[in-house]
Every structure is written in C-alpha cells, then in structure tokens.
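This report refers to the structure that appears directly beneath it.
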Amino acid sequence: MAKAPVLTPQAEDFPRWYQDVLNKAELADNGPVRGTMVIRPYGYGLWERMQAEMDLRIKACGAENAYFPLFIPESYLKREADHVEGFSPELAVVTHGGGKELEEPIVVRPTSETVIGEYMGKWIQSYRDLPLLLNAWGNVVRWELRPRLFLRTTEFLWQEGHTAHATREDAAAYAARILEDAYRAFMVDILAMPVLVGIKPSYDRFAGAINTLACEGMMRDGKALQMGTSHELGQNFAKAFDIQYLDADSKQQLCWTTSWGSSTRMVGGLIMCHGDDRGLRVPPRLAHIQVVVLVIRDEDGAGGVAEGIHDELVRAGVRSRLDDRVDTAFGRRSTDWELKGVPIRLEIGPRDVADGQAVLVRRDTGEKTPVPLTEIATTVPRLLEQIQADLLAEATTMRDERTTDVDSVEGVLEAASTGFARVPWPVVAGEQAAARLGTKAVTVRCIQREDGSVPDDEDEDGLYAICARSY
RNA sequence: CGGGGAGUGGCGCAGCCCGGUAGCGCACCUGCUUUGGGAGCAGGGGGUCGCAGGUUCGAAUCCUGUCUCCCCGACCA
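What follows is the structure, encoded as structure tokens:
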C-alpha cells in the first residue's frame, strides 16, 4: 500500500498544494487579523536572502537606503488625484490616538510616494542635488479582500525605491535600469526564474504613474505573477509635492520622479515556480541552507564524520546545516528537508563510514550518488551551481512550452487557459477586447517588443502582448 | 457588496436528523523497541462543542438572535 502523499499533488489541486507547502515546510501562518501573515523562521530566511541580494543590486544602481514613517497624513494622499483615487479603497486609516479622536486621520502607508515626495521637495534645491536615489525597506498595508499568504496579504514587506531626476529621459532610463539590473537580474540569477519584462497597458498603470514596467513570472499552473514593478511618475508627484530644482541657467524646474518596488510576494513566486509534489525546491544561490548533512544513525563514528564534513563545507563557503537528531527517524528527517527544498542532502551512516563515502541526494532531481568523503568539499560547490542552472533551464522550458503565439482574441483565451498567450498588441489593445478577456479572468500582463525587450510606450509598432490568468 | 458553505482539543473531521453532560485521525508528553525514505507498541495530557438568549428534568444536538471565518465573482505588489 502506497502511503498517502505528503502534499496534495499539484495536478489535483494547485492552491491546496500551495497551502500544504506553506504549512509543512513551516513557511508561514495566517495572522490573527484577516489578511495578515506570520512569517516563520524558514520562510523569513528565504526573504532575508532575497533582501540581501536585492539590496546589493539596488545599491549597485546607486540608490541609498533610508527610512520613512509608517504613518502618513491623509491630506498627503489627496494631493495627487489619481493616486488617492487608486488607493482609497485599500487604505487602513487611524482615527484615534492617545485615547482621543485625531483632528486629521492618519493613513497607514500603502506606499510612500507622498511622504517621500514631501521630503524630496525639501532636500532638492539645485541640479547638483540630482539625481536623488532613495530606497526604503519596510512594511505597507493595503486592505485586501481576498488575501493569500505571500501572494496578496494586507500587510506585506517590501522595498520601495524613489528617485528624482532632472529630465524625463534620465528618469525613464533609471526606471528601466532598476527593472533590468536589479529586478530581472535578481530573479533570473538568484531565483532562477525566467521572468518576462514589459510595460503595463495604460489602464493598468500604478496610480499616478505615466508608465509602469513590470516583471512577470510563470507559475507551475500556467498563471502569471507580477514580481516587481518600476514606474515613471512623470512630474505628477513633483507638482503635488513641489519637488523643484534650480537648473544651471538659474531657472526653476520640476523634477521627474520614479518609484519601484518588490515584495514578499516573490517568496510565493519562488514556491510556485520551482515547487514540486515533494515540496519546495530552493535555488542554491538563494538557499540559506544549501546543504544538510544528515546523520542516519550515529554508529561506527558516523556522527563525527558528518560533523567533520559539515565543518569542511562551511570552511569552503557553503551554507551547510548538520542534522544529527538521531532520536527522530531518518525517513522523517529526510522528508522534512525535502519539503523545505534544501538543494543537497548528504546522508552519512555506518555503511558510508565503512566505505569512506556519503550519499549525495539532489533535491531537484531526486538523484542519489555516492561521493568519496575526500571529494565532497570540491564536488558540492560545483553541484550547487549545476542545480542552480538546471532549475533555471527547467523553468525556462516550462515557460516556453506553455507560451503560445496566437493572433486573435479567441486564440488568447484558448492559450491562456493553460499558460501564456503572445499576441500582437493591437489585437487586444481595445477596451472591448480587454472585456472579452476578462470574462475568462485573462489580462494583458505586459507589452513587449518582438525580441522581448521593453518598449518606450504602447504606441510603438510591432509590439506583442503577453496575456494570461494571474495571481 | 452578490451567490454558496462552515464554526466541536494545536490541525483535519465525526457526532446533530432520532436531545442523556464528547469521539476519531494527525500532532504533543512518558517509557520500551527502533532508525539507509513519513517508525511500532503501551501508557498519558489537552475541548464549559463561536457567542447570547429560549425550550427541557437534561442541549454539541431543537428554536430565536448575533458574531466570525472560508470558498466563488468586482480591486490590487
């Protein structure tokens, strides 16, 4: 009799599989207030690694970290018409403080364009102060009607970047640079997710933006997930918050600003892009535990050998964890690490000690190979890189196989039931076409050039729309 | 807000129709035996059955009210 599967199989019920993974891999729990999320240590470890890698790339693009307040005066939101209209439905508003009703309600930030705009206005005097490149790590609150852990929660963690530039060209170039050098590079190189990039249709722009760029990843059920966005805000916020500078000719000029964000949603994307029926599969470059050295039974010195291997790996720069909890059955422990998606397991028991080897198990393929103890410190780092590359290749193949070129709305609907549809943009550009897509929950995810690059605007000739169902 | 469902140990559920003061699986604790893929056996701890009224000798079960949560649709990183 086969044992019941640890997780609901993906093919049977994908959302349930996702829930099962969150629970069994100890990633997150629902918080006490609807829509809130408790991120457990293993899940937070994934986020911390994402933060570290993203932070490097953001700083490499020249931005500096700063912090802005959680509380925003309601009046700030109202200064930019589109912005307040877009965010009003999802605001949490504080009306009481210190036991008294407040004179002016305070909004819990849904995003920080307004406060940061206010301070940019104060800090920027001359063209010598530009560009001003800021980034903030924090939490934001957007009241969600249908929350899902990591993918859409009322409170979530993210980074939001805000920049001010002297010219429109400079702002546009920076928004594009962040999308490419920070977001896309991170998602492809670290998360092993082959995201598509493009611009959003004008009706789907960020509230207050003149252009929105985005990265879209494909999940294993064929749905799309937006994983990072970068906005050109034009001079909308500069006008609303008086962000001006004196140019070299001593003339007052309005700044051009941008904003860009990536959130804990990426954790959900990671799970749904690489996870299989045995659990999570964490790409090695991201994994905060890359290798677990598992003592099968502590007999004939197996425990000591395992500890030695673990130490050797740590010295070789591998993020290794020793599992010597021999009071728990071996099968249980290996299943648990598999659920958590640790890329490599090294299993060491008495038989291995006798043979001078360890059994190396790849999480991505399940393949088991005996490796001489003397070769582990050189084999493992190489294999970690191989697994990283293989996961990216697998995800890329999946995406390509499930992306269909079509040339009609009917074709889009057909293709989007199982994956992405790539269609000439004019076919779905109209309001009417969008409405027809909407009946099957299909949306235009992004608009790109034929070669997959990011267009300047949606009016260029020869553009394609990527359409899909989405999270 | 429209449509559907559910509230019973930490989690998942049964019991309700035919009232008699609570049960199962998983998890947890102790002991022994185990440990090369989710251990076995024995013992044990833990629930005023969402809340408030009512009916009754007696309510998880029947009646009324109320609250909450989940699923499907419209907004969103």
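Mapped onto the numbering used here, the consecutive letters of the first sequence carry residue numbers 25 to 495.
Even glycine gets a Cβ: it sits at the ideal position worked out from N, Cα and C.
Apply the 10 Å Cβ neighbour rule to residue i and answer buried if 16 or more other Cβ atoms are within range, or exposed otherwise.
i: G380; result: exposed
i: K364; result: buried
i: T119; result: exposed
i: E502; result: The shown model of the chain, from 25 to 495, leaves out residue 502, and the question about it has no answer.
i: D480; result: exposed
i: Y91; result: exposed
i: T421; result: exposed
i: A26; result: The predicted position of A26 is uncertain, since its pLDDT is 43 and thus under 50; a value taken from the coordinates is nonetheless stated next. Result: exposed.
i: R387; result: buried
i: Q456; result: exposed
i: V436; result: buried
i: K247; result: buried
i: G293; result: buried
i: S136; result: buried
i: G258; result: buried
i: T467; result: buried
i: G252; result: buried
Can you check DSSP and say which residues form a bridge with residue i?
i: P394; result: V383
i: N89; result: N159
i: W41; result: In the DSSP output, where bridge partners are listed per residue, W41 has none listed.
i: E371; result: L318, V383
i: C239; result: V221, G252
i: F444; result: T427
i: S150; result: L270
i: H186; result: L158, S283
DSSP three-state call for residue i: helix, strand or coil?
i: F180; result: strand
i: D53; result: strand
i: V132; result: strand
i: R192; result: helix
i: R244; result: coil
i: E256; result: strand
i: R302; result: coil
i: K83; result: helix
i: H312; result: coil
i: Q34; result: coil
i: K275; result: coil
i: R229; result: coil
i: L270; result: strand
i: G285; result: strand
i: E77; result: helix
i: L126; result: strand
i: G476; result: coil
i: T402; result: helix
For residue i, which residues from the same chain have a beta carbon less than 7 Å from its beta carbon, with the 5 sequence-adjacent residues on both sides left out?
i: A382; result: I333, L370, E371, I372, D376, V395, L397, I400
i: A439; result: T428, V430, A445
i: V404; result: V315, L337, V342, I368
i: R321; result: V350, G373, P374
i: P218; result: V212, L416, A419, T420, R423
i: E362; result: R302, G303, R387
i: I202; result: C85, G185, S254, W284
i: R166; result: E114, P134, T178
i: A340; result: A401, P405
For residue i, report the span of its alpha helix (DSSP H) as first-last.
i: G59; result: It is not in any alpha helix (DSSP H) - G59 carries neither H nor E in the DSSP assignment.
i: E336; result: 326–339
i: Y100; result: 98–101
i: D347; result: Element bounds for D347: not the alpha helix (DSSP H) but the beta strand (DSSP E), 344–347.
i: G435; result: 433–440
i: T359; result: 354–364
i: F174; result: That residue, F174, is in no alpha helix (DSSP H); it is neither H nor E in DSSP.
i: A209; result: 209–213
Only counting the same chain, and skipping five residues up and downstream in sequence, which positions put a Cβ closer than 8 Å to that of residue i?
i: R229; result: N235, T236, H255
i: E482; result: I223, P225, S226, W449, A453, I471
i: E128; result: P97, E98, S99
i: I267; result: G141, M144, G145, I148, A188, F261, L278, C279, T281
i: I295; result: Y42, V45, L46, L51, F174, L304
Looking at the secondary structure, which residues open and close the beta strand (DSSP E) in which residue i lies?
i: H120; result: 116–121
i: R469; result: 466–472
i: R493; result: 488–493
i: G454; result: No beta strand (DSSP E) holds G454; DSSP gives it neither H nor E.
i: D429; result: 427–429
i: S112; result: Here S112 belongs to no beta strand (DSSP E), and DSSP marks it neither H nor E.
Starting from the C-beta of residue i, find all residues in its chain whose C-beta is less than 6 Å away, skip the five residues before and the five after it, and write them out in chain order.
i: F265; result: G141, E142, G145
i: L70; result: V291
i: F180; result: S287, T288
i: T177; result: G59, M61, P171
i: M78; result: F210
i: H107; result: A231, G232
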